[in-house]
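Chemist: Take the sequence shown: its letter number 110 is residue 110 in the UniProt record's numbering, and every next letter is one higher. By construction, the Cβ of each residue, glycine as well, lies at the ideal position given by its N, Cα and C atoms.
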Amino acid sequence: MAALIRYTLKRLLGAIPTMLVIITLSFFLLRAAPGGPFDMQRAVPPQVKLNLERMYHLNLPLWQQYLDYLGSILRGDFGPSFVYRGTSVNSMIAQGFPVDLAIGVPALLGALLLGIPLGIVAALRQNSRWDYIPMALAMIGISIPTFVAAPVLILLFAVWLHWLPAGGWSATHPAVLILPALALGLPLIAYAARVMRGSMIEVLNSPTSAPRAPRACPNAR
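Below, the structure is given as structure tokens:
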């Protein structure tokens, strides 16, 4: 468990510079693209367009827009929506967060309750079928993207077997959460199993875990 926590923290810390690069590239690529956020809508008078750009601070220099954007992200403010007028991105995230939470928590619990035991069994039964089969399944779970696994699960459990609903959302019918949580949790289970197996093997092969030879004791007379 400690190894899994260290691995998770390491990945989270390593994601910070990656996120900064992604945010920077996305910002400048969108600004470099032809057109603007108001060009896809109906034609507006130049003065109205100028007022809109001033309202959304698009008339500022590019470097100042970038710094303001980074500052807003650090404050947790993702700005207004260009598509839905009068709506902030934060409110849109808050609206969908309960659904994401209802799907993400079971997926994470499944990764902990299934991935960790599979990794432990694979490490204790190394180079046996109890090692090869879980690790082969883990490799498949990592290799298959979620957008491919989800339709396959729907086809299998909803269309062919009719065990679970294929879609929809209802707070009173938790069965609709099973397929989305399963599709989201498959790669998490695979990662948890592989990390736990590697950590267990490292611990088992360390000198401190090697069994000490019993000391010979003289027979008591």
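Any chance the region 78 to 89 sits against the region 104 to 116, with 3 or more Cβ pairs inside 8 Å?
Modeler: no
Chemist: On the DSSP letters alone, give me the boundaries of the alpha helix (DSSP H) that residue 168 sits inside.
Modeler: DSSP places residue 168 in no alpha helix (DSSP H); its state is neither H nor E.
Chemist: Within a Cβ cutoff of 8 Å, which residues of the same chain sit near residue 111, ignoring the five residues on either side of it in sequence?
Modeler: 185, 188, 189, 191 and 192
Chemist: Assuming residue 123 and residue 25 are in contact, meaning their beta carbons sit under 8 Å apart, how far apart are those beta carbons, in whole angstroms?
Modeler: A Cβ-Cβ distance of about 39 Å is found for the pair residue 123 and residue 25, leaving them out of contact under the 8 Å criterion.
Chemist: Does DSSP put residue 34 in a helix, in a strand, or in coil?
Modeler: coil
Chemist: Taking the alpha helix (DSSP H) that residue 60 belongs to, which residues open and close that run?
Modeler: First-last for residue 60: undefined, no H or E at that position.
Chemist: Assuming residue 50 and residue 38 form a contact by the criterion Cβ under 8 Å, report the distance between their Cβ atoms to the nearest whole angstrom.
Modeler: Contact doesn't hold; Cβ gap of about 10 Å is too wide.
Chemist: Which residue's Cα is closest to the Cα of residue 83: 143, 64, 180 and 56?
Modeler: 56
Chemist: In whole angstroms, what separates the C-alpha of residue 71 from that of residue 22?
Modeler: 16 Å
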